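Enquirer: Chains as they are written, first to last, in the working numbering: chain Z, 1 to 362; chain B, 1001 to 1362; chain L, 2001 to 2362; chain F, 3001 to 3362.
I am attaching a structure below and will ask some questions about it afterwards.
4 protein chains.
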Amino acid sequence: MGVAKVPGNSFGQAFKITTFGESHGKGIGVIIDGCPPRIPLLNKDFVWEMARRRPGRGPFDTPRMETDQVEILSGVFEGLTTGTPIALYIHNRDAQSKPYEILRELFRPGHADYTYFKKYGHFDFRGGGRSSARETAARVAAGVVARLVLEPLKITIMAYTLEMGGIRAVRIDPEAINRNPFYCPDTDMVDRMREMILKAKKEGDSIGGIVEVRINGCPAGLGEPVFDKLSADLAKAVMSVGAVKGIEIGAGFEAARLKGSQNNDPIIPAGFKTNLAGGILGGISNGDDIVLRVAIKPIPSIMKEQETIDRAGRPARLKLQGRFDTSAVPRIVPVLEAMVAIVLADHYLRSKYGQLIKQLNG
Amino acid sequence: MGVAKVPGNSFGQAFKITTFGESHGKGIGVIIDGCPPRIPLLNKDFVWEMARRRPGRGPFDTPRMETDQVEILSGVFEGLTTGTPIALYIHNRDAQSKPYEILRELFRPGHADYTYFKKYGHFDFRGGGRSSARETAARVAAGVVARLVLEPLKITIMAYTLEMGGIRAVRIDPEAINRNPFYCPDTDMVDRMREMILKAKKEGDSIGGIVEVRINGCPAGLGEPVFDKLSADLAKAVMSVGAVKGIEIGAGFEAARLKGSQNNDPIIPAGFKTNLAGGILGGISNGDDIVLRVAIKPIPSIMKEQETIDRAGRPARLKLQGRFDTSAVPRIVPVLEAMVAIVLADHYLRSKYGQLIKQLNG
Amino acid sequence: MGVAKVPGNSFGQAFKITTFGESHGKGIGVIIDGCPPRIPLLNKDFVWEMARRRPGRGPFDTPRMETDQVEILSGVFEGLTTGTPIALYIHNRDAQSKPYEILRELFRPGHADYTYFKKYGHFDFRGGGRSSARETAARVAAGVVARLVLEPLKITIMAYTLEMGGIRAVRIDPEAINRNPFYCPDTDMVDRMREMILKAKKEGDSIGGIVEVRINGCPAGLGEPVFDKLSADLAKAVMSVGAVKGIEIGAGFEAARLKGSQNNDPIIPAGFKTNLAGGILGGISNGDDIVLRVAIKPIPSIMKEQETIDRAGRPARLKLQGRFDTSAVPRIVPVLEAMVAIVLADHYLRSKYGQLIKQLNG
Amino acid sequence: MGVAKVPGNSFGQAFKITTFGESHGKGIGVIIDGCPPRIPLLNKDFVWEMARRRPGRGPFDTPRMETDQVEILSGVFEGLTTGTPIALYIHNRDAQSKPYEILRELFRPGHADYTYFKKYGHFDFRGGGRSSARETAARVAAGVVARLVLEPLKITIMAYTLEMGGIRAVRIDPEAINRNPFYCPDTDMVDRMREMILKAKKEGDSIGGIVEVRINGCPAGLGEPVFDKLSADLAKAVMSVGAVKGIEIGAGFEAARLKGSQNNDPIIPAGFKTNLAGGILGGISNGDDIVLRVAIKPIPSIMKEQETIDRAGRPARLKLQGRFDTSAVPRIVPVLEAMVAIVLADHYLRSKYGQLIKQLNG
């Protein structure tokens, strides 16, 4: 049985979050240490983002119902942050551990059961425990605060489903995103995405996709040489979300096939002529839109029978029952937005713009 | 002018490295804090890896000549590590700052000049200073020590040029990799890669590519929930290397188009039937090969005339002169290997395998 | 108005605690990240230590009544720690903010009001907010878990009131400590301490004292060169408790007047002949009893009229009303024990004894 | 044999130092990460402070001769810091390992030999290796840079020998300090200190003392709640220096015997009427002089025969030969000044004054 010597439940240096809680425990939460004082913050500020992440938005999501109300336990006085740690807590209300009883002995393929067992000698068969996507509710709550920290910069962080089950959005219409349950930015593709997801659901299968995140209005200068590059921290933040298998910035993997003369964005007095860099040069934001794409694998919980083994290593057949999403994609959209906001808030407080916040909020 | 409040020149928690030095300063180096005691370490242990990264290996690399001898300043006594910080230092010998004089006023497109200027109010016109690829020599030196730390695990870390300038290796022959200047694992593609690079050089242009890293023999259990997942730290480590624009693990972006039934690697008593996960589940190594691919942009230093601006924001034309690689790809191969080794050594020391090292090295 | 760039609400590297909450907010709590898995932990484990710190134990303590029940929000499943973050929460029930209204404008001498105002541009007039001694309840709760982590080592951590109001214990009788409200180890001095405190209370004044902490059974080898010496971390932990103004280890300030031949503890096969070092050599535990003494200032909340200024800097007279302890000493005893336990647990997990825990708890 | 899981060779969060090197290795050094850009820094800036710490200043110091020239390896360009890591290196020139050969098997009482052996299974018999006071040369070099960071604040940090061998300075005359080899601030006591030290030397013995540090001009507002109090970080910094056995701030241990009405410094429009707090309230600087006293034990290397054991645990007699100081006190004075400067620079960069530096150095 192993013991982690340096725990890994915190993220960030200046805007530092520590999440806690398990899928089927009492609840989940997050401590934010480093939020500047005097920022207005109320319980209701969390409602919109929590609703976006919440299960049960459509026929394709898990029917698990969570109101996901965020309770502020500390750090706020008379509606303003005080500069002390902000503790946010979300009760688990609808956890049904029963269907998981069958899993006490079997590892679910594609899940963390096997690796947790190898690492810790046990695993939380009740929905994955700490490795459950439920943990991301705490991240979304922290993301709400991160966005408030960023407010003086007038940044827009917009994530959307660029592709799901192979169906790719052609047009990016910001207005469209929140008008469909898939956060698809292309109204013409919504029906095709729906078909694709219904088909997979019917087959007892699941689908993946690609989420694109676009940050507008980020000033030049965020990011620290040499290891804490903005790109490096974005990559870590995004990869720390379950189901993510890849990230690219700007032209990304396509850049590998371009020539320097094609890929170097020419600089003009107004900024950059093109944005193949995706808004980051040398690990530091360049003032242009930051653009990144994230690969999401198909959700591993499927209804089809699967080959697996039990704790003793004996072969077994597994047919899952329970309440699962058919794709992680839509619900991961607000989570990725939150993680990006957290990285930006952290770097914003780490860099020279820290002075701005004082003038504006002071 | 900004001031970074939390500096970013360190990486790792248990095997912690801090690099220092600039491209055209006296030299570069690294402090390794956390290396276990009693590991044999001599100056000559660095020769092979430093040679692999060193410029001047072929007609396509910068003719800048560096012997890149690593000097051990501390942490080793009678040929054994002592458990105290290991300081490694590499003198800069052949830095020619002169050709850069012309750049005192102009930002090189695709480089960090613009963003450093925006962040700090100045930039090191002599080859990028701290943002130069020269800094990676220190990482390669640290990687050598990381590999020694990992030795008890009998891990093999193998990186190679999967693709360069659009030419893709078809076969992966480990024997081939070090037999050609491109670290191409497919002998049949070496000539085509050479052609491609010569063509680009002739045109005064540059090319990018994709590096694949494959880790064999990594035990299950490395990686910490929830933010310090092995995948998350690999992503950060890799993205912190200049010129990297994307990373994917296992099926990566391809997984976005698969169904759960296709992407879930079935578990059998012997391990996993397939390895679309790329050796990592829930952020923790699963005992299978860890596989990742890294997108490298074309080197931004090209001989073609480019559009840019000067420090005052006025439009300008820039035609670079100097000694540049035509592609970053080959020389980045040992750097990525080093970064991967550093991440693994860090997680190895953080997790239960720490006890192994004691038994084996104690 | 300032913004802290690197927040300071966490302590520890391997056993890492982050406290949150304010004196007159909803409650206070702590997240423990890094606690090993499979340690039995129940709500009732906190009762004894929380009771020792709780106000209202005698006529000399603040009559504020807090049940101080610790609620485990996460990290425990079926009565065992899981290795995930343990969130502990204590509701504030009896906070009376009203008497503090008068303090909205005046700085209390000897308190943090003035410095918080200078730093943040505001201060929490309701009992000090975050700077209140109430925050230490979270530390005591974390200390309970730290002690469980240390259990395999069979360490005894014993703190007691060596001196209060100038009355000094002569004999150290471990049995006596918990039999009187002052944690005085010398039964003969209990009445004199009581007289002293009643006299001060009657005068509307307060008194300070010295707490001694004695750790028995700590193995040699805890502490890290060169900055994270065990002595250095103990000093920081102890000094981070409000009202502490000094710490000495072993002979402490007395050692300054000894000669080397007097102060060097001779080494014999059985260990050390004397223990003037206080159990720590070169920052590392030497296997002998660790002994430290902590100076506690008189509590600054007194009923006598005091000279002060208001927020605008105008002179004022202040006569406090409210519920205050007459001395911080007795209630600080369990807090110092907790902090010492936290430091030891942290270093225990950082050092070679980490392997022991696995064998014993695995 | 143990393995430290989280290395302890770094100090600071925003102004972060990592030292390396051993007493009898090639040299010692320090990396400073987080120093703001554009601060003038030359090799000669180190001369004065290095000379103050250097051995061989008087007949009472070790005759080991070190020129202790500080070489700047990185982070400075054209005489200005660049904001990148500053690497400082000091060659060891006069290390004589020979006299230590006899110590290969015996633990020196009062030294770290015994505890290093217990922790690591080996110890550096050549003068203590990493635990040697020689490591403090790197701290003094870092302190020079810290002072430059603090320059905009016009802070004065003054340390002096308040007491040595029982002889206590009565008057504090800043002019006197650097005019005698003991850094004694009271000219009348210099001869008596000299006598005391000569007497001890003759007896083959050693003496300790008390160093007082006084910081003038520190603005209110430095220090972070709740663990990273300015007082807590000062305590850790000071205790991390070998030979230190105690620290007190302001009235310190004396405060334990005062009443609240005596110890509460009344606040007046001009500041504070008295300064028993020693310039720190609630862990945050209050604008008054910061005053701390540090207890230094007698140097453990004495010429008298001592009782000890060998590695196998067998009793032995030890009579040291070599070059030792008779008291650590004078040479520790600049080291403590340096550590205090480092803590202040760190908190200065962490807190609101960060904006000042930009305006002044920008």
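Every residue gets a Cβ at the ideal spot worked out from N, C-alpha and C, and that includes glycine.
The structure presented is a predicted model; accordingly, all values stated were derived computationally and were not measured.
DSSP has M158 (chain Z) in a bridge; who is on the other side?
Expert: According to DSSP, M158 (chain Z) bridges with Z:R214.
Enquirer: When burial is assigned at 16 or more other CB atoms within 10 Å of the CB, is A51 (chain Z) buried or exposed?
Expert: Answer is exposed; the Cβ neighbour count stays below 16.
Enquirer: Spell out whether any CB of chain B is found under 8 angstroms from the CB atom of D233 (chain Z).
Expert: Closer than 8 angstroms: yes.
Enquirer: So for Q1073 (chain B), helix, strand or coil by DSSP?
Expert: The amino acid occupying residue 1073 (chain B) in the given sequence is Leu; Gln does not appear at that position. Strand.
Enquirer: State buried or exposed for R93 (chain Z), treating a residue as buried only when at least 16 other CB atoms are found within 10 Å of its CB.
Expert: Looking at its Cβ environment, which holds fewer than 16 other Cβ atoms inside 10 Å, R93 (chain Z) is exposed.
Enquirer: Output the distance between the C-alpha atoms of D68 (chain Z) and R54 (chain Z), rounded to the nearest integer angstrom.
Expert: Whole-angstrom Cα-Cα distance: 7 angstroms.
Enquirer: Report the three-state DSSP secondary structure of V3318 (chain F) (helix, strand or coil).
Expert: A small correction: the amino acid at residue 3318 (chain F) is Leu; Val does not occupy that position in the sequence shown. Reduced to three states, the DSSP call for L3318 (chain F) is strand.
Enquirer: Are the C-beta of P219 (chain Z) and some C-beta of chain F separated by less than 8 angstroms?
Expert: Chain F contact via Cβ: absent.
Enquirer: Would you mind stating whether I3249 (chain F) and G2246 (chain L) have Cβ atoms separated by less than 8 angstroms?
Expert: Yes, these two residues count as a Cβ contact at 8 angstroms.
Enquirer: In terms of residue numbering, what span does the beta strand (DSSP E) encompassing K1259 (chain B) cover?
Expert: Element bounds for K1259 (chain B): n/a, residue is neither H nor E.
Enquirer: For A2341 (chain L), decide whether its Cβ has a neighbour in chain F, counting only Cβ atoms nearer than 8 angstroms.
Expert: Closer than 8 angstroms: no.
Enquirer: In three-state terms, what does DSSP make of T2067 (chain L)?
Expert: T2067 (chain L) falls in the coil class under three-state DSSP.
Enquirer: When you check each C-beta in the segment 1009 to 1022 of chain B against every C-beta of chain Z, which residues fall closer than 8 angstroms?
Expert: Within the segment 1009 to 1022 of chain B, the residues whose Cβ lies closer than 8 angstroms to some Cβ of chain Z are N1009, S1010, F1011, Q1013, A1014, T1019, listed in chain order.
Enquirer: Leaving out the 5 sequence neighbours to the left and right, which residues in its chain are closer than 8 angstroms to V2333 (chain L) when beta-carbon positions are compared?
Expert: Counting only Cβ-Cβ distances below 8 angstroms, and skipping sequence neighbours, we find R2052, A2159, Y2160, T2161, Y2183, V2211.
Enquirer: Would you list the one or two residues that DSSP bridges to Y1000 (chain B)?
Expert: Since the first and last residues shown for chain B are 1001 and 1362, residue 1000 (chain B) lies out of range.
Enquirer: Anything in chain B within Cβ reach of L3318 (chain F), meaning under 9 angstroms, just list it in chain order.
Expert: Chain B residues near L3318 (chain F): none, gap ~22 angstroms exceeds 9 angstroms.
Enquirer: Keeping to the same chain, check which residues put their C-beta closer than 6 angstroms to that of G34 (chain Z); ignore five residues upstream and five downstream.
Expert: Answer for G34 (chain Z): A14, F15, K16, listed in chain order.
Enquirer: Buried or exposed for G3313 (chain F), going by 16 or more other Cβ atoms inside 10 Å?
Expert: Classification for G3313 (chain F): exposed.
Enquirer: Using CA atoms only, rank isn't needed, just tell me which of F:L3318, F:R3257, F:N3263 is closest to G2165 (chain L).
Expert: Per the Cα distances, F:R3257.
Enquirer: Is it true that the segment 1230 to 1238 of chain B meets the segment 1342 to 1352 of chain B, where meeting means three or more beta-carbon pairs spaced less than 8 angstroms apart?
Expert: Yes, since at least three Cβ pairs between the segment 1230 to 1238 of chain B and the segment 1342 to 1352 of chain B fall closer than 8 angstroms, the two stretches touch.
Enquirer: So, with DSSP's three-state summary, where would you put A1237 (chain B)?
Expert: Three-state result, A1237 (chain B): helix.
Enquirer: If you draw a straight line from the C-alpha of Q3306 (chain F) to the C-alpha of Y348 (chain Z), how long is it?
Expert: Computed Cα separation, rounded: 59 angstroms.
Enquirer: With 16 as the cutoff for other CB atoms within 10 Å, does I1411 (chain B) come out buried or exposed?
Expert: Outside the shown range of chain B (1001 to 1362) lies residue 1411 (chain B), about which nothing can therefore be said.
Enquirer: Residues of chain Z with a CB under 9 angstroms from the CB of V3149 (chain F): which are they?
Expert: Correct list: empty, because the minimum Cβ distance to chain Z is about 16 angstroms.
Enquirer: Looking at D1173 (chain B) and D1186 (chain B), is the spacing between their C-beta atoms short of 8 angstroms?
Expert: Yes, Cβ-Cβ distance for D1186 (chain B) and D1173 (chain B) is below 8 angstroms.
Enquirer: Quick check: the Cα distance between V1226 (chain B) and R1147 (chain B), rounded to an integer number of angstroms?
Expert: So the two alpha carbons sit approximately 25 angstroms from each other.
Enquirer: Determine, using beta-carbon pairs with one atom in the segment 1281 to 1300 of chain B and one in the segment 283 to 299 of chain Z, whether at least three such pairs fall under 8 angstroms.
Expert: Because the criterion of three Cβ pairs below 8 angstroms is not met, the segment 1281 to 1300 of chain B and the segment 283 to 299 of chain Z do not touch.
Enquirer: Please specify which runs of the beta strand (DSSP E), each continuous and at least 3 residues long, are wholly inside the segment 2135 to 2203 of chain L, giving them in chain order.
Expert: Counting whole runs of 3 or more residues, the segment 2135 to 2203 of chain L contains the beta strand (DSSP E) stretches 2156 to 2164.
Enquirer: Excluding five sequence neighbours on each side, which residues of the same chain lie with their C-beta closer than 7 angstroms to the C-beta of G217 (chain Z)?
Expert: For G217 (chain Z), where only same-chain residues beyond five positions count, the Cβ hits under 7 angstroms are L153, K154, I155, T156.
Enquirer: At the 8 angstroms Cβ level, is M239 (chain Z) part of the contact set with chain B, yes or no?
Expert: Yes, because at least one Cβ of chain B sits closer than 8 angstroms to the Cβ of M239 (chain Z).
Enquirer: Could you check if K119 (chain Z) is buried or exposed, using at least 16 other CB atoms within 10 Å of its CB as the buried criterion?
Expert: K119 (chain Z) is buried by the Cβ-count criterion.
Enquirer: Residues in the same chain with beta-carbon distance under 7 angstroms from I2309 (chain L), minus the five sequence neighbours each way, listed in chain order, please.
Expert: Hits under 7 angstroms: F2107, P2315, A2316.
Enquirer: With C-beta atoms as the reference, is N2263 (chain L) less than 8 angstroms away from P3298 (chain F)?
Expert: Cβ distance < 8 angstroms, so N2263 (chain L) and P3298 (chain F) count as in contact.
Enquirer: Closer than 9 angstroms, Cβ to any Cβ of chain L: which residues of the segment 67 to 79 of chain Z, in chain order?
Expert: From the segment 67 to 79 of chain Z, only E71, I72, L73, S74, G75, V76, F77 have a Cβ closer than 9 angstroms to chain L.
Enquirer: Taking the alpha carbon of Y114 (chain Z) as the reference point, which residue from B:G1029, B:V1335, B:L1222, B:A1338 has its own alpha carbon closest?
Expert: That would be B:L1222, whose Cα lies nearest to the Cα of Y114 (chain Z).
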